[in-house]
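Each residue of the first sequence is one higher than the last, beginning at 1 in the working numbering.
C-beta: ideal position from N, C-alpha, C; glycine also.
Before any comments, here is the structure.
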Amino acid sequence: MTPQFPPHWLHPGTVAQARAAQAEMAARIVAHDDLPPRPWRLGAADVSNTRFDPLRRVHAAIVTIDAAGAVVAQADESRVGDFPYVPGYLGFREVPALAAAWARLDPKPDLLLVDGQGLAHPRGLGTACHLGLVLGVPTIGVAKSLLVGTTEPGPAVGDVAPILWKGAHIGTALRTRHGAGPVYVSVGHRVGLDTAVAVVRAACDGRRLPLPIRAAHAAANAVRRAQEAARAT
DNA sequence: GCGACAG
DNA sequence: ATCTTGTCGC
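This is the structure:
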């Protein structure tokens, strides 16, 4: 039962159309728990880019992780992006390739951690929301820096602080490692903020970023190198 | 008008 | 996002 949606949700012709599509999608985001029974099998999605690449290639990867933290499945997609990187519209660049990778992933996870913002976005539609809605899958946004909002969590591992923006609580900053910057957690789709923070906490293992995100990052880098090597010959 | 700006 | 070795600190 893949959810149906209009083509401009993935391929808007202009930034103005992308903005309109975000408004349509934002109205459909489910910001509370709507998940299968526990335990949830986690996964993560990330995209790697070749710097200075005039072709704007997108190297996407999604991984499925087991309870022990091992990668049990991985799928990727390398393609020439049809939308440039524009702050606030990252999803239009990354989601198409990620959706293609998702289709080939087996087994698929119940819950996906996405490298980027969820609701902590100027129009409430970060990449995590975008991907979750297009796939119809529960997602959580895990970003390394803020796009909008302010927050200041304490220095101890586990400390949290709300991310506030225009008077709204749009996410939670979580200190995952002492001496390192926090990670910014926000709802993607079909998950409440409390659950999102708890899941990210549980997925951390002493490093700044949760293990699934690191695995996805490594997988995306691997495809990028493979693609670059293949194209060179 | 000016500055900011996930990956 | 990416370019990159060593180096400082716990």
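Subject >> C-alpha distance - Ala220 paired with Ala60, whole-angstrom precision >> reply: 6 Å
**OP:** Using DSSP bridges, identify the partner residues of Trp165.
**Re:** Ala168
Original post:
Going by C-alpha distance, which of Pro109, Val58 and Ala103 is nearest Pro84?
Top reply: Val58
Original post:
What's the call for Ser48, buried or exposed, on a 16-neighbour Cβ count within 10 Å?
Top reply: buried
Original post:
In chain order, what residues of the same chain lie with their CB nearer than 7 Å to the CB of Thr150, ignoring the 5 residues before and after it?
Top reply: Leu164
**OP:** Assess, as a yes-or-no matter, whether the stretch 115 to 130 is touched by the stretch 170 to 187 under the definition of 3 or more beta carbon pairs within less than 8 Å.
**Re:** yes
**OP:** To the nearest angstrom, report how far apart Leu126 and Ala232 are at their CA atoms.
**Re:** Leu is not the amino acid found at residue 126; the sequence shown has Gly there. Approximately 34 Å, taken between the alpha carbons.
Subject >> Residue closest to Trp102, alpha-carbon to alpha-carbon, out of Ile62, Leu55 and Arg224 >> reply: Ile62
Original post:
With 16 as the cutoff for other CB atoms within 10 Å, does Arg51 come out buried or exposed?
Top reply: exposed
Original post:
Do Leu113 and Pro210 have their C-beta atoms within less than 8 Å of each other?
Top reply: yes
**OP:** Compute the beta-carbon to beta-carbon distance between His189 and Ile29, rounded to the nearest angstrom, for a pair I have assumed lies under 8 Å.
**Re:** 6 Å
Original post:
Considering only residues of the same chain and omitting the five flanking positions on each side of Pro96, which have a CB-CB separation below 6 Å?
Top reply: Leu10
Original post:
What is the DSSP secondary structure of Val80, counted as helix, strand or coil?
Top reply: strand
**OP:** Name, in chain order, the residues that DSSP records as bridge partners for Gly43.
**Re:** Thr64 and Leu112
Original post:
By Cβ distance, which residues of its chain are closer than 6 Å to Ala75, with the 5 residues on each side in sequence left out?
Top reply: Ile62, Ala101, Arg104 and Leu105
Subject >> DSSP bridge partner residues for Leu174 (one or two, in chain order) >> reply: Val160 and Val183
Original post:
Three-state secondary structure (DSSP) at Thr139?
Top reply: strand
Original post:
Where does Thr150 sit, in a helix, a strand or coil, going by DSSP?
Top reply: strand
Subject >> DSSP beta-bridge partners of Gln74 >> reply: Val63
**OP:** List the endpoints of the continuous alpha helix (DSSP H) containing Ala190.
**Re:** Just to set this straight, residue 190 is Arg in the shown sequence, not Ala. That residue, Arg190, is in no alpha helix (DSSP H); it is neither H nor E in DSSP.
**OP:** Taking only the alpha-carbon atoms, compute the straight-line gap between Gly43 and Gln22 and give it to the nearest angstrom.
**Re:** 24 Å
**OP:** Could you name the residues that DSSP lists as bridge partners for Ser145?
**Re:** None; Ser145 has no bridge partner.
Original post:
DSSP state of Leu93, grouped into three classes?
Top reply: Correcting the residue identity first, residue 93 is Arg in this sequence and not Leu. Three-state DSSP puts Arg93 in a helix.
**OP:** Under the assumption that Arg177 contacts Pro155 (Cβ atoms under 8 Å), give the Cβ distance between them as a whole number of angstroms.
**Re:** Between Pro155 and Arg177 the Cβ distance is about 10 Å, and since that is not below 8 Å, they are no contact.
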